[in-house]
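Residues in the sequence shown are numbered consecutively from 177, following my numbering.
To start, the structure under review is shown below, and the notes come after it.
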Amino acid sequence: MLYAFVISLILIAIGELADKSQLLALVFATRYKAWQVLLGILLSTLVALSLATAFGMLVGEFIPPGVLPWVSGLLFVGFGVWTLSGDDGQDDEAAANKSVRFGPVLTVAIAFFVAEFGDKTQVMTIAIAADPGGALLDVLRDSGPAVSSALARVGLIPTGEISGVARFTGVALGATVGMVLADAVAIGVGRLLGRRLPERLLSRISGIAFIAFGVLTITAHYVASRG
Numbered sequence: 177m178l179y180a181f182v183i184s185l186i187l188i189a190i191g192e193l194a195d196k197s198q199l200l201a202l203v204f205a206t207r208y209k210a211w212q213v214l215l216g217i218l219l220s221t222l223v224a225l226s227l228a229t230a231f232g233m234l235v236g237e238f239i240p241p242g243v244l245p246w247v248s249g250l251l252f253v254g255f256g257v258w259t260l261s262g263d264d265g266q267d268d269e270a271a272a273n274k275s276v277r278f279g280p281v282l283t284v285a286i287a288f289f290v291a292e293f294g295d296k297t298q299v300m301t302i303a304i305a306a307d308p309g310g311a312l313l314d315v316l317r318d319s320g321p322a323v324s325s326a327l328a329r330v331g332l333i334p335t336g337e338i339s340g341v342a343r344f345t346g347v348a349l350g351a352t353v354g355m356v357l358a359d360a361v362a363i364g365v366g367r368l369l370g371r372r373l374p375e376r377l378l379s380r381i382s383g384i385a386f387i388a389f390g391v392l393t394i395t396a397h398y399v400a401s402r403g
């Protein structure tokens, strides 16, 4: 569970860099208290990404194990290109203004659920749930006895297959925490910088990181299959 949690947290947090959800969080933070915004994000994200995790696990059952790393790797390369293209979809101000007024927390929750439905973050969670870093797991296991043993002791390398419950819990919670943390950082940094986040730089970092992870996933699987 810890491995799935950490992988999901890291990838989703990276994916949120300069994403429209961070900009939407900044807009709401100018209207409501930060804790109200973050609680609304937590509620909407937990529901949306739990659904995405369940769907991803279901999809993963129908894809042959040998094909899954290729699909997962290509998806992450696609996420990288998507991020680098800078297509943020709906304007953050418009999304905030269109939200239904049910009090601060529910207003934020509804707006984020609608904004994130079918968005890159939700699709990414589906991909992670289908194959939670399988190729990266192989790399960690082959990193040498000392390193792999240390990682296994803290639970970052599972000794066997990740069970369904552990995968669902780890991915859903990790993705949720990753998104909330990324948005919390955006709110804090945005207030310090007057909402002027280095969006282009963050998007490039995020996009390159995803392309690298996708290439690593495909390469590690190819090397393992050839060996």
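Each residue gets a CB set at the ideal place from its N, CA and C atoms; glycine is no exception.
Whether residue i touches residue j by CB criterion (8 Å)
| i | j | result |
| --- | --- | --- |
| residue 354 | residue 250 | no |
| residue 379 | residue 187 | no |
| residue 358 | residue 189 | yes |
| residue 346 | residue 181 | yes |
| residue 281 | residue 215 | yes |
| residue 297 | residue 191 | yes |
| residue 387 | residue 253 | yes |
| residue 301 | residue 351 | yes |
| residue 299 | residue 212 | no |
First and last residue of the uninterrupted alpha helix (DSSP H) at residue i
| i | result |
| --- | --- |
| residue 196 | 196-205 |
| residue 187 | 178-191 |
| residue 293 | First-last for residue 293: undefined, no H or E at that position. |
| residue 213 | 210-238 |
Where residue i falls, given that 16 or more other Cβ within 10 Å makes a residue buried
| i | result |
| --- | --- |
| residue 245 | buried |
| residue 293 | exposed |
| residue 360 | buried |
| residue 174 | An answer regarding residue 174 cannot be provided, because it is not within the stretch 177 to 403 covered by the chain. |
| residue 196 | buried |
| residue 206 | exposed |
| residue 344 | buried |
| residue 261 | exposed |
| residue 238 | exposed |
| residue 377 | exposed |
CB-CB length for residue i against residue j, believed under 8 Å
| i | j | result |
| --- | --- | --- |
| residue 236 | residue 287 | With a Cβ gap of about 30 Å, residue 236 and residue 287 do not count as contacting. |
| residue 348 | residue 225 | 6 Å |
| residue 356 | residue 218 | 5 Å |
| residue 383 | residue 259 | 4 Å |
Distance cut-off 7 Å: residue i Cβ against heavy atoms of the ligand MN
| i | result |
| --- | --- |
| residue 243 | Of the ligands one can find in the structure shown there are none, so the ligand MN has no counterpart to examine. |
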